[in-house]
Each structure stands twice: as C-alpha cells, then as structure tokens.
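What follows is a single structure, written as structure tokens, with notes after it.
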Amino acid sequence: MSTKPLGAQLSHMLKSRGVEVIFGIPGVHNQEMYRGIEEAGITHVLARNEQGAGFMADGYARATGTPGVAYVITGPGLCNIMNPVGQAYSDSVPLLVIASCLDETVATRGQLHQMLDQEGAGATVAEWSETPRTANAAYHLIDRALLEFQTSRPRPKLMNVPIALLEAEAAPAADRSVQVAFDAPNSDQIARIAGMLAKAKRPVVILGGGACRAEGLAAEVATRAGAAVFMTNAGRGLYGDDAPLSFGACLSRPGSADIMAQADLVLVLGSELSECDLWRGPLGHDCPMVRVDLDPQMLVDRHNVTDPVLADCTVFCEALLAAMEPSGSDWDAAAITALRAKWRAETDADRPGIVPLVDALRAVLPSETMIFSDMTQFAYVANETFPMDRPGHWHHPSGFGTLGYALPAAIGGKVGAGDKPVISINGDSGFQYNIQELATAVELGLSLPIIVWDNGKLKEIEDGMINAQIAPNAVVARNPDFCKLAEAYGAHAVAPRSLEAFKQAVTDALAADGPTLIHVTPETAGG
C-alpha cells in the first residue's frame, strides 16, 4: 500500500467520496493539501479572500445539492471563513472546511498565524470543530461529516489539521459506503394526523427549506387537505404561486398572523419559523400544530407544537399521502387573491420603486435560473413578489444575514450549475464586501449577470433609524464608479436607465462570454 503525505491523501479521499471541486487559497501552512488536488482529479477554484472561498463553496453546495468544500490556512484564513460558516449554519448548508493549524501552541508564542484557540473559534459558528491527531482520525472526521450531511440537518463542519500531520506520510483512506435509509413515522401517528386534516375546515400548511427534497409530495399533501399554503423564503417554489389557495412567501406580512388566527390546524414541514421568517413573535395560531422536522430543537421551541414529528419530510409526506383522502375546506380563493394583491401593494409602499424592477427581471429570466441575492432592499422585495416555479433556486443569506454573500455564492453556484443560468443580486454596500471576487469570475470566464442595486446609501438602515426617531447617521457612503471598476477587473459593465434597457442588459449578460455588472439605480425604474 503506497503512502503519501496526509495533505495529498485528503484530496484523494474527497475525490473517492464524490467531491469534484474545492474552493480555497493556498498558503505556506496548508500547501501540503495542494499536493494531491490535481493528482486526484479535483478542480480547484482560487478565491481572493477566504470569505469569498467559503461563500463560493456555499453557493456550489446549494446549486448542486452536494457538499461544498474549502481549504484554508491557519489563523487568519480560518477567521476569514467564519462568516460563511456562520451563514451556512443558519441556512442548513453542507459545507466542509479543512484548515491547517499549528502543531503546538501551549509552550510557544509568536508563531506565524497563531491564535489563542483555533478549534474553539471554529466551534462558535460550525456544528463542530475538531482537530485530528492521526491520519485515521482525519479520515474519520471527513466520513462523519459526509454522513451527517445526509442523515441529519446539514450544517457546516470544520476540521483543523496540524501542519506536521499534513506533511507526514500516511496510508490512503479505506473505502467506505454507508446505506442511508430513514425510518417511516409511526403508523398510528400518521393515521391520526390524516384524520385531523380530513376534519379541518381551515387548515394551513407552511412549507420551509427542509421540505425541498419532498418537492411534489409536500404540494400534494397541501392540495389534498384543501389547505391555504405559505412558503418561507427557503421554501419558495414548493407550491404553485398561482394556486388558488397559495399565499406565496408572505409569512412576514403582519396580516398573515390574522390568517393563522383563523386556522383550525397548522401543518409545518421543514421550517424553523424563525425571526427571519416571521419578523414577529408568535405565529398567530390558536389551534393544534403538527410540525415535521429532522432537527429535534424545532419540535420543542416557542411555537407550541401539539403534534411533533421527528422525521424526514419526504418519508413523512409519502406515509401521510398513503393515509389521506382528498378533502375540502372553507377557505375563499377569491379572498386570498385579493389579500395577496393588498400585501403586494404594501410591499411596494414599504420600499418604493423596486417592484417594477423585480417584475422586469422576472420577465426575462429563464425559469431554471439559479438566483443568489444579498442583504439588500431589492432582495427583500423580490422575496415576497418574485414567484418561483421550483424550489431550491433562490438563495438568500437568511438567519446570519451576512453582507457580501451574493457575488461569491453565485460564482460557486455557476461553477456547480454549468450551463444553467445563474445571476447575482447585490446592494451597493454589500457588493463591496467581496468585490474582489470579480477577478475569480473573470478568470473562470463565467457567464454571470451581476446586478448591483445602487441607491447611494444604506437605505434599509436609514428607514429603520427614521422609524425609530433616530436622526440618520452613517448611512451614506461614497461609492466608486461600479462600471469602471468592473471593467478594470476585465468584466463587462452596463448601466441601464430604463426598464426596457434593464431587461435587455440581463438578456445580453446571460449570453455573454464573461461576467457582466449591471448597475441599476432608482432612475432605472423611473424613480
């Protein structure tokens, strides 16, 4: 059995486990990890900052449904990627970060890249952060991470490998294959829930990101139950947005609490029902709640679950459909349509001038487009008003709510999606957090429209200060000439100043031979 330095063996092991792409930046401490990348047949994408590498791996994972992997260096590399790791934790993204670390820190100070507690720092944002001391322990951690991604709520893992261990000769990892199967829910419980749905006159079904693997099945459950349906941002596309009883992704509208108050049964499939889903305290229901989730924490939280089900949503929906009979409800489809129109008008009034841009974008994007958005008012409006016809195609940094996500995540998404169209939606401030990753997009020759919504300020924060009767402070910053900056990186750039010009710019960018920055201002929408 031939040996290689462990750093090389890690790449070979990852390739044998199905990993095709690694994102990262080489450094003096982690260079041994790069010994085996090409030999193993893995593609490496060079980011310009470890934060960019982490978001690229996140975007790749979301686009492909397979784990995203990143290689980073000791200390600052680990610190730079903590933001993406925290975001991946919030959004249940399978992200595996492998970092080098110092061999000894107890008796020695002043070493290059030294920090007080690298493993502990990683543990503040990852599901776990571990430091193997042998090659077999490193292999164990990788297999553990990959298996946990499949069998439990997928959250980021971080492995810190000592430099001397990376350099030491090691035998290859053993072949390993685990058959993954989920137990069916208790048949008596399924029968009881089916009976509850059959008797309900005003059932509500809430579809979250955890139900995306149950595409079609979850929608059929809602349809058979005659339920009114809400989707979270992560669950958009799971149910027909134009269906008669669909409320779309409008849980955050204050009026949705009134709908919950009318419900006589609420079924929640794969959702945290978090602050970022509701933007209020209680959901608003005063009736039984059936909640299905792989994460036991979600079954004992503040939402007063009466019927918790710890299960995979796909397995649960299959079992429930086998026990269900079609039933009607007292929901008024015309009233739901009218209420949605009212909520759309409220969204437009809350953040004026953006809805026309969202509508224009929807008019020209192919339905299979993968969309990555940042923390920007453009995305906040689109999350409520841009209907999706399939799940897992609009990715937004919910929860952790980091700025600078959209550009690098879209780059990783495009690497994973190949010929499938991908776009990035950014605010003028958030875009500058990781603007340097334009170089990566140009280097890879990615056909990637990069929309930058530029209102010249932190408008959401300004609005919040005004609403709180605080004199707006530090919300206006000088922006660069975004088009010239993009061109300096070698990207295309255009500044449409009408809706028709905007639509043409997006269409052209989708077919371009490299990334295109599309600079959009309130003037573009006629504001």
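Residue numbers for the sequence shown follow UniProt numbering, so the first one is 1 and each next one is one higher.
C-beta atoms are modelled at their ideal positions from N, C-alpha and C, and glycine is treated no differently.
Stretch-stretch touch, CB-based, cutoff 8 Å, three pairs: the stretch 231-240 with the stretch 391-403: yes
Cross-strand partners of T516 (DSSP beta bridge): P449 and H492
Start-to-end residues for the beta strand (DSSP E) that takes in S252: Neither: S252 is in no beta strand (DSSP E) and is coded neither H nor E.
Where G120 falls: helix, strand or coil (DSSP): helix
Complete runs of the beta strand (DSSP E) confined to the stretch 333-370 [at least 3 residues]: none
Same chain, Cβ closer than 6 Å to C317, five either side skipped, listed in chain order: A214, L217, A218 and V221
For A341 and V364, the rounded distance between their alpha carbons: 22 Å
Beta-carbon proximity of L510 to F482, cut-off 8 Å: no
Helix, strand or coil at R291 [DSSP, three-state]: strand
Residue nearest to L46 in terms of C-alpha spacing, selected from D103, N304, V69 and Q432: V69
Nearest-angstrom Cα separation, counted from A311 out to G18: 26 Å
Where P326 falls, given that 16 or more other Cβ within 10 Å makes a residue buried: exposed
Environment of R497 [buried if 16+ CB atoms lie within 10 Å]: exposed
Euclidean distance between Cα positions of I423 and S92: 21 Å
Start and end residues, alpha helix (DSSP H) containing L438: L438 to L444
P84 - DSSP class collapsed to helix/strand/coil: helix
For S11, the nearest candidate out of H44, F55 and V85 (CA to CA): H44
Contact set for G52: own chain, Cβ-Cβ below 6 Å, skip 5 residues either direction: P408, N434 and E437
F431 - containing alpha helix (DSSP H), residue span: D428 to F431
Outcome for R478 when other beta-carbon atoms lying within 10 angstroms are tallied against a minimum of 16: exposed
Cβ neighbour criterion (16 or more within 10 Å) applied to I336: buried
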